Amino acid sequence: MGARKPTYLATPEWTSLPWKGWKKAPKQHLLDLMLEIPALLQMIDSVHSASDLSQKSKMLSRVCDVYLSLHRRLQTWYEAYQSDYPSKIQWEQPSRFHTVNAIPPESVPSTCIYFSDFESGHIHLLYWTSHVLLFSNLGMLYLSCLTSTAEESQSPFPPFPCNVQEMHDMAVNIARSVEYFLQPKTVALGACVISFPTTVAFGYFEYFNLPECDWFHQIFAYTRKFGVDVGGFLDAMPSETNLYFVTC
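Written out as structure tokens, the structure is:
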């Protein structure tokens with residue numbers, strides 16, 4: 026994902042292979058859709074590097090078409106998941122994170138999201154993360170494109186294809202679900218599960234200088250108490266690897 030290049034695992038020849046002995050579970054179908062994201066990220070990078078305005082506009086239109094197709098299929102998958110597995114629910118409840126850990130209440134969400142089970146929670150995280158990852162990268166691309174045409178009387182680019190409020194809410198959902206995964210009995214595994222989603226959500230909040238950044242600083246401080254330095258991992262990753270989930 027972070028390499029931002031297509032993978033053969035996303036090809037129909039691979040994803041349509043029958044599984045010997047059992048059917049694909051909902052999570053596997055979601056992962057199949059997520060495997061299409063690196064190719065779209067590469068398309069976004071290509072628009073960034075295009076110098077000709079007319080070419081950039083055509084390339085951006087193609088990016089929007091591909092994004093909207095994937096967005097619709099992700100939504101269709103989620104609707105089917107909710108219909109087929111009505112017991113795999115999520116719900117809101119008052120957050121205890123600040124009281125248990127002596128954190129100022131304004132530094133963390135007032136409510137948190139809990140799930141019927143750990144696996145269902147992970148599936149929801151992956152679904153939200155897929156949307157936020159694409160939204161963040163498209164948002165940065167549009168800012169770059171519009172900056173380059175600031176003096177134009179009319180933008181040559183297609184309308185922004187994302188529902189900003191919906192995508193922001195998904196990023197907030199990632200933050201609000203962290204408390205569930207960092208319960209004392211599951212904190213080690215939970216910290217691993219939240220690493221990718223928090224990388225994406227934190228990157229979005231940080232790039233646009235949103236107040237929710239402070240939530241993650243509190244979360245990272247909390248996981249360090251258990252020897253799991255998620256924040257340190259995120260700080261080190263760009264300098265020690267070639268992985269980039271969010272670029273600007």
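Those letters in the sequence shown? Residues 26 to 273, per this note's numbering, in order.
Glycine included, C-beta positions come from ideal geometry on N, C-alpha and C.
Quantities reported herein were computed from a predicted structural model and do not represent experimental measurements.
What does residue i pair with, by DSSP beta-bridge criteria?
{"i": "Thr224", "result": "None, per the DSSP bridge assignment."}
{"i": "Thr136", "result": "Pro119"}
Figure out for me which residue from the options has the closest Cα to the Cα of residue i.
{"i": "Leu158", "options": "Ser108, Cys187 and Ser169", "result": "Cys187"}
{"i": "Ala226", "options": "Phe241, Ala213 and Ile69", "result": "Phe241"}
{"i": "Pro209", "options": "Ser76, Tyr247, Pro37 and Gln107", "result": "Tyr247"}
{"i": "His156", "options": "Arg249, Val212, Gln190 and Ser108", "result": "Gln190"}
{"i": "Gln100", "options": "Met195, Ser161 and Thr172", "result": "Met195"}
{"i": "Thr223", "options": "Ser71, Val197, Pro236 and Phe233", "result": "Val197"}
{"i": "Arg121", "options": "Cys137, Val91 and Gln115", "result": "Cys137"}
{"i": "His73", "options": "Asp109, Met165, Ser108 and Val91", "result": "Met165"}
{"i": "Tyr106", "options": "Lys49, Thr174, Ile69 and Arg249", "result": "Lys49"}
{"i": "Pro2", "options": "Tyr139, Asp109, Thr154 and Ser180", "result": "Only positions 26 to 273 of the chain appear in this structure, which leaves residue 2 out of reach."}
{"i": "Glu204", "options": "Pro111, Val91, Gln115 and Tyr139", "result": "Tyr139"}
{"i": "Ser202", "options": "Thr32, Ala213, Arg98 and Glu117", "result": "Glu117"}
{"i": "Val212", "options": "Gln53, Gly252 and Met192", "result": "Gly252"}
{"i": "Leu235", "options": "His193, Pro111 and Glu104", "result": "His193"}
Excluding the five sequence neighbours on either side, which residues of its own chain have a C-beta within less than 6 Å of the C-beta of residue i, listed in chain order?
{"i": "Phe206", "result": "Gly215, Val218 and Ile219"}
{"i": "Tyr167", "result": "Phe185"}
{"i": "Pro37", "result": "none"}
{"i": "Val91", "result": "Leu65"}
For residue i, which residues from the same chain have a beta carbon less than 7 Å from its beta carbon, with the 5 sequence-adjacent residues on both sides left out?
{"i": "Leu93", "result": "Pro186"}
{"i": "Glu231", "result": "Cys238"}
{"i": "Leu55", "result": "Trp102, Ile148, Leu151 and Tyr152"}
{"i": "Pro183", "result": "Leu85, Ser86 and Cys89"}
{"i": "Cys170", "result": "Lys81, Leu85 and Phe182"}
{"i": "Tyr71", "result": "The amino acid occupying residue 71 in the given sequence is Ser; Tyr does not appear at that position. Here the set comprises Met84."}
{"i": "Ala75", "result": "Lys81 and Met84"}
Could you tell me how far apart the beta carbons of residue i and residue j are, in whole angstroms, since I believe they sit closer than 8 Å?
{"i": "Ala200", "j": "Pro134", "result": "6 Å"}
{"i": "Lys30", "j": "Gln67", "result": "6 Å"}
{"i": "Tyr229", "j": "Ser161", "result": "4 Å"}
{"i": "Thr274", "j": "Phe221", "result": "Residue 274 lies beyond the residue range present for the chain, which begins at 26 and ends at 273; the question has no answer from this structure."}
Enumerate in chain order the residues of its own chain whose CB-to-CB distance from residue i is below 8 Å, with the five nearest sequence positions on each side excluded.
{"i": "Leu95", "result": "Leu58, Glu61, Ile62, Leu65 and Leu159"}
{"i": "Asp77", "result": "none"}
{"i": "Phe233", "result": "Gly164"}
{"i": "Ser79", "result": "Pro181"}
Taking 8 Å as the CB-CB limit, is residue i close to chain D?
{"i": "Tyr110", "result": "The displayed structure is made up of one protein chain only, and chain D is not part of it."}
Exercise. Does the pairing of the stretch 83-97 with the stretch 133-151 give three or more beta-carbon distances under 8 Å?
Worked result: The stretch 83-97, when compared against the stretch 133-151, does not touch it at the 8 Å Cβ threshold.
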